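Numbering (the UniProt record's numbering), first residue to last: 1 to 238.
These notes are about the structure you will find just below.
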């Protein structure tokens, strides 16, 4: 009964996240998946040959891509889009003065929380079967990639809103490209573990190649579903 009550409250108050209403935001949002996919595809052979060095070297480019995407396309936490729809002179001045500086600060805050989430994601990976005493750098770095893909956009948009995070943790947040991308990323990482124990004797089966590949693929699929297929819908677990 309490769960149904909470879901009813969410349904009344929670809305999916919309892109910023600019042409640049629409263009960047559409090219963002292609850029991630191309960058991952190009580095995949190096990733299979040397996972630790490749994951480490890819962190900064991935962080830059995610920061650019978030600051151009997504409303920062605490922002309102009403001034864009009702262009009053005072509101426009306030948006011009306070909007741009707030985005870098929000991105910095989101990156800090990404760092905090890395050990949590690492523990979760160990609980789901990652090597506990070996391949520790591999697991930490794969968790850092998961954090930048899934956690960073969520924090950028929702900040420290405890009610929203309870909704996200219960998988009852309305689906949009941010929440859809996060769910797809985590689900893809989980499904990526399937080929590891199979007796195919392939180099790409080693830890954590399939995990990270599944995370990237799931992120792109979930993001696309949140834009084109499922926006505003909710995951029903019961």
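Glycine is no exception: its CB is placed at the ideal position from the N, C-alpha and C atoms.
Bear in mind the structure is a predicted one, so any value in this text is a computation, not a measurement.
Can you list, in chain order, the residues of its chain with a C-beta nearer than 7 angstroms to that of residue i? Leave out the 5 residues immediately preceding and following it.
i: residue 211; result: 142, 189, 192 and 193
i: residue 73; result: 19, 20, 25, 28 and 29
i: residue 84; result: Note on residue 84: pLDDT 43, under 50, position unreliable in the model; no value is reported.
i: residue 209; result: 47, 48 and 51
i: residue 56; result: 141
For residue i, report the span of its alpha helix (DSSP H) as first-last.
i: residue 241; result: Nothing about residue 241 can be read from this structure; the chain reaches only from 1 to 238.
i: residue 178; result: 177–191
i: residue 220; result: 209–228
i: residue 202; result: Taken as a continuous stretch (DSSP letters only), residue 202 belongs to no alpha helix (DSSP H), as it is neither H nor E.
i: residue 233; result: Premise fails: residue 233 is in no alpha helix (DSSP H) and is neither H nor E.
i: residue 138; result: 136–146
i: residue 162; result: 162–169
i: residue 156; result: 152–158
Please report the straight-line C-alpha distance between residue i and residue j, rounded to a whole angstrom.
i: residue 259; j: residue 79; result: Only positions 1 to 238 of the chain appear in the structure, and residue 259 is not among them; the question remains open.
i: residue 37; j: residue 217; result: 8 angstroms
i: residue 125; j: residue 138; result: 11 angstroms
i: residue 16; j: residue 104; result: 23 angstroms
i: residue 197; j: residue 68; result: 37 angstroms
i: residue 45; j: residue 110; result: 30 angstroms
i: residue 203; j: residue 14; result: 45 angstroms
i: residue 174; j: residue 235; result: 8 angstroms
i: residue 58; j: residue 64; result: 10 angstroms
i: residue 115; j: residue 122; result: 11 angstroms
i: residue 176; j: residue 120; result: 24 angstroms
i: residue 70; j: residue 35; result: 14 angstroms
i: residue 224; j: residue 199; result: 33 angstroms
i: residue 160; j: residue 201; result: 45 angstroms
i: residue 31; j: residue 162; result: 32 angstroms
i: residue 43; j: residue 213; result: 11 angstroms
i: residue 41; j: residue 77; result: 32 angstroms
Can residue i and residue j be called in contact, C-beta distance under 8 angstroms?
i: residue 156; j: residue 215; result: no
i: residue 33; j: residue 220; result: yes
i: residue 179; j: residue 226; result: yes
i: residue 39; j: residue 61; result: yes
i: residue 129; j: residue 185; result: no
i: residue 66; j: residue 154; result: no
i: residue 150; j: residue 181; result: yes
In chain order, what residues of the same chain lie with their CB nearer than 6 angstroms to the CB of residue i, ignoring the 5 residues before and after it?
i: residue 135; result: 207
i: residue 164; result: 158
i: residue 205; result: 195 and 196
i: residue 113; result: 155
i: residue 183; result: 222
Using a Cβ-Cβ cut-off of 8 angstroms (strictly less than) and excluding sequence neighbours within five positions of residue i, which residues of its own chain qualify?
i: residue 132; result: 126
i: residue 118; result: 140, 143, 144 and 147
Would you say residue i reaches chain D, if we count a Cβ-Cβ gap shorter than 8 angstroms as a contact?
i: residue 134; result: In the displayed structure, chain D is absent; only one protein chain is listed.
Q. Are the segment 137–145 and the segment 168–180 in contact at 8 angstroms, needing three or more beta carbon pairs?
A. no
(Q) Across the segment 42–53 and the segment 220–234, are there enough close Cβ pairs to call them in contact, namely three or more that are closer than 8 angstroms? (A) no
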